[in-house]
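Asker:
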Amino acid sequence: MAMIVVSDTSPLSGLAIAGYLGLLEQLYGRVLIPAGVWHELQRGGEDDPRITDLLGLDWIEVRQPTNQQLVNVLQTERHLDRGESEAIALALEVNAE
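In terms of our numbering, the sequence shown opens at residue 1 and continues consecutively.
(1) Start and end of the beta strand (DSSP E) containing Leu32?
(2) Once DSSP output is grouped into helix, strand and coil, what is the label at Glu61?
(3) Terminal residues of the continuous alpha helix (DSSP H) containing Ala16?
(4) Residue range of the alpha helix (DSSP H) that Val73 falls in?
(5) Around the Cβ of Ala87, are there at least 16 other Cβ atoms within 10 angstroms (buried) or fewer (exposed)?
(6) Taking 7 Å as the threshold (C-beta atoms), are Leu55 and Leu41 in contact?
(7) Between which residues of its own chain and Ala35 is the CB-CB distance below 8 Å, once the five residues before and five after are set aside?
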């Protein structure tokens with residue numbers, strides 16, 4: 001059974017800048033990100049094209065969490081940003097590793 005992996009912005013952008021993004025595909029095959037993370041990466045790509053390039057990779061899949069109530073609680077009560085909140089909610093929904 002394949003491992004389900006959900007990522008936030010920092011690991012993806014850091015690995016892209018360092019030139020090691022391909023490790024994620026080699027290790028996991030597919031990485032899920034929520035739309036909030038996609039938008040953060042898009043904005044980060046304005047400063048570094050290596051970040052923008054990862055948005056077109058076919059092994060990175062954008063999937064939105066369905067539990068918006070949890071996303072809202074994480075944002076308001078835990079003061080997390082949208083990408084972090086959505087990544088946590090999505091990871092819980094898909095039983096990510």
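Virtual Cβ for every residue (Gly too), placed ideally from N, Cα, C.
Because the structure is a prediction, the values reported are computed rather than measured.
Answerer: Working from what's here:
(1) Here the question's residue 32 lines up with position 32 in the sequence shown. Unbroken beta strand (DSSP E) run through Leu32: Val31 to Ile33.
(2) Counted from its first residue, the sequence shown places residue 61 at position 61. In this structure, Glu61 counts as strand in the three-state DSSP scheme.
(3) Here the question's residue 16 lines up with position 16 in the sequence shown. Where Ala16 is concerned, the enclosing alpha helix (DSSP H) stretches over Thr9 to Ala18.
(4) Sequence index remark: in the sequence shown, residue 73 carries index 73 (1-based). First-last of the alpha helix (DSSP H) with Val73: Gln68 to Glu77.
(5) Walking along the sequence shown from the start, residue 87 turns up at place 87. Result: buried.
(6) Against the sequence shown, residue 41 aligns to sequence position 41. Against the sequence shown, residue 55 aligns to sequence position 55. Their beta carbons are under 7 Å apart, which means Leu41 touches Leu55 by this criterion.
(7) For the purposes of this step, residue 35 is identified with residue 35 of the sequence shown, where counting begins at 1. Excluding residues within five positions, the ones whose Cβ falls inside 8 Å are Val62, Gln64 and Glu86.
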